[in-house]
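Novice:
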Amino acid sequence: MKRPVRESLITILSVASVAVAVMVAWQLSVQFFDLPKILLPTPWQVLEAGWQRRQELVAASLVTFMTAAISLIVAITIGSGLSILFSQSRLLHRAFFPYVVFLQTVPIVAIAPLLIIWSGYEFRTAVIATVIICLFPIVNNVTTGLQAARVEHRDLFHLYGASRLQTLTRLQIPTAIPYLLLGARISSGLAVIGAIVAEFFVSNGANYVGLGALMTRWQGLLQTDALIAALGMSTLLGLLLFASVDWLGRIFLSRYTRVD
Amino acid sequence: MEFPGGQRAADSVDLKIQQGECVSIVGRSGCGKTTLLRVLAGLQTLSSGRCVRHTETTSFVFQQPALLPWRSVVGNVMLPLELLSRRRRRPATRKDLRSLRQRADAAIDEVELGDAADQFPYELSGGMRMRVSIARALVTRPDLLLLDEPFAALDDMLRTQLGSLVTELWRTHRFTMVLVTHNIAEAIALSDRICVMHAGRIETVLDNPVTRLAPPQSTEQWDVRRTAEFGEFYGTITDRLRGAAQR
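Sequence order for the protein chains is F and E. Going by the UniProt record's numbering, the letters in the first sequence line up with residues 1 to 260, in that order. Going by the UniProt record's numbering, the letters in the second sequence line up with residues 1 to 247, in that order.
Here it is, written out as structure tokens:
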């Protein structure tokens, strides 16, 4: 067996072993302590509940995935645009960057009610809330990336009298791409969290149902097994979005292998 | 010439370089060689004095190849032409781009990398990357070529090979060349004059008697290192460097 294949197999088996061990421990704990289903169902009961509500779960997951993916794309667009503006003016950077940090420090739970007043129980409100959560890693990373060009590269552009636009498009933006992808990877995890948290508030009365809304509903009905199944789906969504961004990143970064 | 902190990098430097001449600057690390080269390139401003250049286009070969990893070999070589073409003040037409590509291809052929034109830097060896860096410097047909220890990171065989390549290109195009190097043998093999620098000053400028011995159509087969004059001149430079350090 080839070494990379063997290594991958070992990784998969290790991860699967931990999952199986946790499931067994979970099952045994429920049986040993005789816990009621309402408090902690067994893994099998969770799987059963998930299968019974599969249509609802898949539909809600699609909604949440759309919210997270659209928010991530919007955050990448706005964040990159802001970073480019910051890179062109030190004054703009000084004046506005603290507010980007401020956005990061404001808990989404605190601003969600305000967003609902301004934007209503709409899909767009969940997107706005998620964008706010995703924005900071993008702006922070892209701003760093736009300033990260090597001295020799900057000298080269200076030597041939490159314009600001040429330096931006031919040097700064390509240099910032690995930083953007790193920021996007961080934000992809945050996007699913943001979408679900936003749905806790926004889905209440909205005409669409995401995983956050399902979780709130099932919590109210004390359907713990279905709630845990929804939790599992949200984890899968997070992994899916992260893996997609990571895969795209690998394709883009294949040319960025360090050369000097 | 001063560093941003106010520390003096070079002082009382008085050097005149003739058109088409090749001058090497040797000296210990931190003696101000690179600073002098950066001033010649216009990459660093003088705190006092002046630097007069009667040249139109200047190119620089850095110690590291400094290729843009997201561009192919031909893309890297075309870069200076693209940057300079903004002086045209109109969008590049397809004909312009074809012309740039042709010039880049010609420069790549000169450094014998025609087969690797569409490869990316990570696919090339260290020597090949340095060849691309040389092609990128020469594609603009510079009047002045500045080289900052370009072969320092290469092994001895490759260093000699690339030194011969640069000499050949210099003989063909007759640009003015200034080479900064730690390697005295390299300086003797490549230049007409050698400046010995120490503590920010040019201690002495020596005419190189060895290059004059080269046959007019000399090739790699003729190796200056095998001549008696080479050893003697090597000794002279070493003595000057040692003498300057002891003063």
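Beta carbons are placed, not taken as given, at the ideal position from N, Cα and C, and that holds for glycine. None of these values were measured; they are calculated from a predicted model.
Measure from the alpha carbon of threonine 45 (chain E) to the alpha carbon of each residue in F:Leu211, F:Leu237 and F:His158, then state which is nearest.
Specialist: For the purposes of this step, residue 45 (chain E) is identified with residue 45 of the second sequence, where counting begins at 1. Considering only alpha carbons, the answer is F:His158.
Novice: Kindly list the residues whose CB is nearer than 7 Å to the CB of valine 210 (chain E), restricted to its own chain and excluding five residues on each side of it in sequence; keep chain order.
Specialist: By one-based count along the second sequence, residue 210 (chain E) stands at place 210. Here the set comprises Ile188, Val224, Thr227, Glu229, Phe230 and Phe233.
Novice: Leaving aside the five residues before and after alanine 59 (chain F) along the sequence, list all residues of the same chain whose C-beta is less than 8 Å from its C-beta, in chain order.
Specialist: On the first sequence, position 59 is the one that residue 59 (chain F) refers to. Excluding residues within five positions, the ones whose Cβ falls inside 8 Å are Val209.
Novice: Return the chain-ordered list of same chain residues with a C-beta closer than 6 Å to the C-beta of leucine 9 (chain F), the five sequence neighbours on each side being excluded.
Specialist: Walking along the first sequence from the start, residue 9 (chain F) turns up at place 9. Around leucine 9 (chain F): no qualifying Cβ.
Novice: Report the rounded CA-to-CA distance for valine 131 (chain F) versus valine 74 (chain F), giving the unit in angstroms.
Specialist: Here residue 131 (chain F) is taken as the residue at index 131 of the first sequence, counted from 1. Here residue 74 (chain F) is taken as the residue at index 74 of the first sequence, counted from 1. Looking at the two C-alpha atoms, the distance is approximately 7 Å.
Novice: Using the C-alpha atoms, what's the distance from arginine 159 (chain E) back to threonine 236 (chain E)?
Specialist: Locating residue 236 (chain E) in the second sequence gives position 236, counting from the first residue. Locating residue 159 (chain E) in the second sequence gives position 159, counting from the first residue. Straight-line Cα distance between these residues: approximately 23 Å.
Novice: Could you tell me which chain E residues have their CB closer than 8 Å to the CB of glutamine 55 (chain F), listed as they occur along the chain?
Specialist: Indexing the first sequence from 1 puts residue 55 (chain F) at position 55. Within 8 Å Cβ-Cβ: nothing; glutamine 55 (chain F) doesn't reach chain E, min ~45 Å.
Novice: Just mark alanine 49 (chain F) as buried or exposed, buried being the case when its beta carbon has 16 or more other beta carbons within 10 Å.
Specialist: In the first sequence, counting from the first residue as 1, residue 49 (chain F) sits at position 49. Buried: at least 16 other Cβ atoms inside 10 Å.
Novice: Closer than 8 Å: is that where the CB of threonine 64 (chain F) sits relative to any heavy atom of the ligand FAD?
Specialist: With respect to the ligand FAD, the structure shown offers nothing to examine, as it has no ligands at all.
Novice: Under a three-way DSSP split, which group does valine 26 (chain E) fall into?
Specialist: Here residue 26 (chain E) is taken as the residue at index 26 of the second sequence, counted from 1. Three-state result, valine 26 (chain E): strand.
Novice: So with CB distances below 8 Å, who are the chain F contacts of phenylalanine 60 (chain E)?
Specialist: Position 60 of the second sequence, counting from 1, holds the residue named residue 60 (chain E). Within chain F, the residues near phenylalanine 60 (chain E) are Asp155, Leu156 and Leu159.
Novice: Could you tell me the distance, in whole angstroms, from the CA atom of glycine 42 (chain E) to the CA atom of leucine 182 (chain F)?
Specialist: Along the second sequence, one-based indexing puts residue 42 (chain E) at 42. Along the first sequence, one-based indexing puts residue 182 (chain F) at 182. Their backbone Cα atoms lie some 36 Å apart in a straight line.
Novice: Chain E beta carbons: is any one of them nearer than 9 Å to that of proline 174 (chain F)?
Specialist: Here residue 174 (chain F) corresponds to residue number 174 of the first sequence, with the count starting at 1. By this cut-off, proline 174 (chain F) is an interface position.
Novice: Would you check if there are 3 or more beta carbon pairs closer than 8 Å linking the stretch 115–130 of chain E to the stretch 147–162 of chain E?
Specialist: With the cut-off at 8 Å, the stretch 115–130 of chain E and the stretch 147–162 of chain E touch.
Novice: Taking aspartate 155 (chain F) as the reference, which of E:Phe60, E:Leu15, E:Cys51 and E:Thr34 has the closest Cα?
Specialist: Within the first sequence, residue 155 (chain F) is the residue found at index 155, counting from 1. Nearest C-alpha to aspartate 155 (chain F): E:Phe60.
Novice: According to the Cβ coordinates, are leucine 241 (chain F) and alanine 69 (chain F) closer than 9 Å?
Specialist: Counting from one through the first sequence, the residue named residue 241 (chain F) turns up at place 241. Counting from one through the first sequence, the residue named residue 69 (chain F) turns up at place 69. The answer is yes: Cβ separation under 9 Å.
Novice: Starting from serine 99 (chain E), trace the alpha helix (DSSP H) both ways and give me its first and last residue.
Specialist: Within the second sequence, the letter at position 99 stands for residue 99 (chain E). Serine 99 (chain E) -> alpha helix (DSSP H) spans 94–110.
Novice: At which residue ranges does the stretch 63–121 of chain F contain complete beta strand (DSSP E) runs of 3 or more residues, listed in the order of the chain?
Specialist: Taking only runs of at least 3 residues, no beta strand (DSSP E) segment lies wholly in the stretch 63–121 of chain F.
Novice: Would you say arginine 247 (chain E) lies against chain F (beta-carbon separation less than 9 Å)?
Specialist: Indexing the second sequence from 1 puts residue 247 (chain E) at position 247. Not one chain F Cβ lies under 9 Å of arginine 247 (chain E).
Novice: What is the rounded straight-line gap between the Cα of leucine 85 (chain F) and the Cα of isoleucine 78 (chain F)?
Specialist: For the purposes of this step, residue 85 (chain F) is taken as the residue at position 85 of the first sequence. For the purposes of this step, residue 78 (chain F) is taken as the residue at position 78 of the first sequence. Spanning the two alpha carbons is a distance of roughly 11 Å.
Novice: DSSP three-state call for arginine 71 (chain E): helix, strand or coil?
Specialist: The count along the second sequence starts at 1 and reaches residue 71 (chain E) at position 71. Residue state, collapsed to three classes: coil.
Novice: Under 7 Å Cβ to Cβ from serine 83 (chain F), same chain only, skipping five residues before and after it: list those, please.
Specialist: For the purposes of this step, residue 83 (chain F) is taken as the residue at position 83 of the first sequence. Around serine 83 (chain F): Val139, Val142, Thr143 and Leu146.
Novice: What residues in the stretch 149–178 of chain E bring their beta carbon closer than 9 Å to a beta carbon of chain F?
Specialist: Flagged, chain order: Ala153.
Novice: Which residues, taken in chain order from the stretch 74–102 of chain F, show a beta carbon closer than 9 Å to some beta carbon of chain E?
Specialist: Result list empty, no residue passes.
Novice: Is there contact between the stretch 170–187 of chain F and the stretch 27–42 of chain F, where contact requires at least three CB pairs shorter than 8 Å?
Specialist: Taking 8 Å as the limit for Cβ pairs, the verdict is that the stretch 27–42 of chain F does not touch the stretch 170–187 of chain F.
Novice: What residues of chain E sit near residue 262 (chain F), judged by a beta carbon separation below 8 Å?
Specialist: Here chain F comprises residues numbered 1 to 260, so residue 262 (chain F) is not present and cannot be evaluated.
Novice: Classify arginine 53 (chain F) as helix, strand or coil using the three-state DSSP reduction.
Specialist: Numbered from its first residue, the first sequence carries residue 53 (chain F) at position 53. Residue state, collapsed to three classes: coil.
Novice: Quick check on the DSSP output: the beta strand (DSSP E) that includes valine 180 (chain E) runs from which residue to which?
Specialist: In the second sequence, residue 180 (chain E) corresponds to position 180, counting from 1. Looking at the DSSP string, the run of the beta strand (DSSP E) that includes valine 180 (chain E) is 176–181.
Novice: What's the C-alpha gap between leucine 214 (chain F) and alanine 230 (chain F)?
Specialist: In the first sequence, residue 214 (chain F) corresponds to position 214, counting from 1. In the first sequence, residue 230 (chain F) corresponds to position 230, counting from 1. If you take the alpha carbons of leucine 214 (chain F) and alanine 230 (chain F), they lie about 8 Å apart.
Novice: Kindly say whether arginine 6 (chain F), judged by its beta-carbon, lies nearer than 9 Å to any beta-carbon of chain E.
Specialist: For the purposes of this step, residue 6 (chain F) is identified with residue 6 of the first sequence, where counting begins at 1. False, the Cβ-Cβ gap to chain E never drops below 9 Å.
Novice: Under 7 Å between beta-carbons, which chain E residues line up against serine 163 (chain F)? List them in chain order, please.
Specialist: If you number the first sequence from 1, residue 163 (chain F) lands on position 163. Ordered by position in chain E, the residues that pass the 7 Å Cβ test against serine 163 (chain F) are Arg86.
Novice: Within its chain, find whatever has a CB closer than 7 Å to the CB of glutamine 221 (chain E); leave out the 5 residues flanking it on each side and keep chain order.
Specialist: As a position in the second sequence, residue 221 (chain E) is number 221, starting the count at 1. Here the model assigns glutamine 221 (chain E) a pLDDT of 49, short of 50, so the residue's position is not dependable, and the following value carries that caveat. None.
Novice: List the residues of chain E that arginine 150 (chain F) touches, going by C-beta distances under 9 Å, in chain order.
Specialist: Along the first sequence, one-based indexing puts residue 150 (chain F) at 150. Within chain E, the residues near arginine 150 (chain F) are Gln64 and Ala66.
Novice: Among E:Asn183, E:Arg136 and E:Thr35, whose alpha-carbon lies nearest the alpha-carbon of leucine 113 (chain E)?
Specialist: If you number the second sequence from 1, residue 113 (chain E) lands on position 113. Answer by Cα proximity: E:Arg136.
Novice: Applying a beta-carbon distance threshold of less than 7 Å, which residues of chain F neighbour alanine 41 (chain E)?
Specialist: To locate residue 41 (chain E), count along the second sequence from 1; it is residue 41. Residues of chain F passing the Cβ test: Leu159.
Novice: Which class does glutamine 221 (chain E) belong to by DSSP, given the choice of helix, strand or coil?
Specialist: Residue mapping note: residue 221 (chain E) aligns to position 221 of the second sequence, counting from 1. Residue placement at glutamine 221 (chain E) is poorly supported in this model, since its pLDDT is 49, which falls under 50; the coordinates are not used for a value here.
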